[in-house]
Amino acid sequence: MVDIKPRLICKGLKNLTDDNFIKIETVKYACPNPDCDSVFTDKSNRNRHYNYHCGKPPRFQCPYCSHKSHRKSDVQVHINSRHRFFRNYVIELYNPCKKRNYINKKTE
Ligand SMILES: [Zn+2]
Ligand SMILES: [Zn+2]
0 MVDIKPRLIC KGLKNLTDDN FIKIETVKYA CPNPDCDSVF TDKSNRNRHY
50 NYHCGKPPRF QCPYCSHKSH RKSDVQVHIN SRHRFFRNYV IELYNPCKKR
100 NYINKKTE
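Using numbering that gives the first Met the number 0, you'd call the opening residue of the sequence shown number 0 and step up by one each time.
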């Protein structure tokens, strides 16, 4: 019995490692918003979505029409295809990174 035990532990550890690999591959991070079905494979992508995009209006707008998007690159691609003779710049409707007390601060 004493001789068999260490082998069993080794075998168990090996199996445990294999299981962990499978779990890491299948892990999904769902958006905490109950009204949102978004699921992410990366936790940082999920957090960025929840903090900046989820339930929020589009942040970037095309200056030449009413096209809006959550991603600046989407509007840039849109301008390149729809308004290719115009200057390619994007209107930022709001900045979610700015803290509220920074806006309230008096500059006088
Ligand atoms: Zn969401
Ligand atoms: Zn446009």
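Glycine included, each C-beta is placed from N, C-alpha and C at the ideal position. Computed from a predicted structure; not experimentally measured.
Residue(s) in a DSSP beta bridge with residue i
{"i": "residue 60", "result": "67, 90"}
{"i": "residue 38", "result": "29"}
Check each residue's C-beta against every heavy atom of ligand 2 and list, in chain order, those closer than 7 Å. 61, 63, 64, 66, 77, 78, 81, 82
Considering only heavy atoms of ligand 1 and the C-beta of each residue, which residues fall inside 6 Å, strictly closer? 30, 32, 35, 37, 48, 49, 53
Examine the Cβ distances between the region 33-47 and the region 67-81 and report whether three or more of them are shorter than 8 Å. no
Does the region 24-35 come within contact of the region 60-80, defined as at least 3 CB pairs closer than 8 Å? Verdict: no, contact absent.
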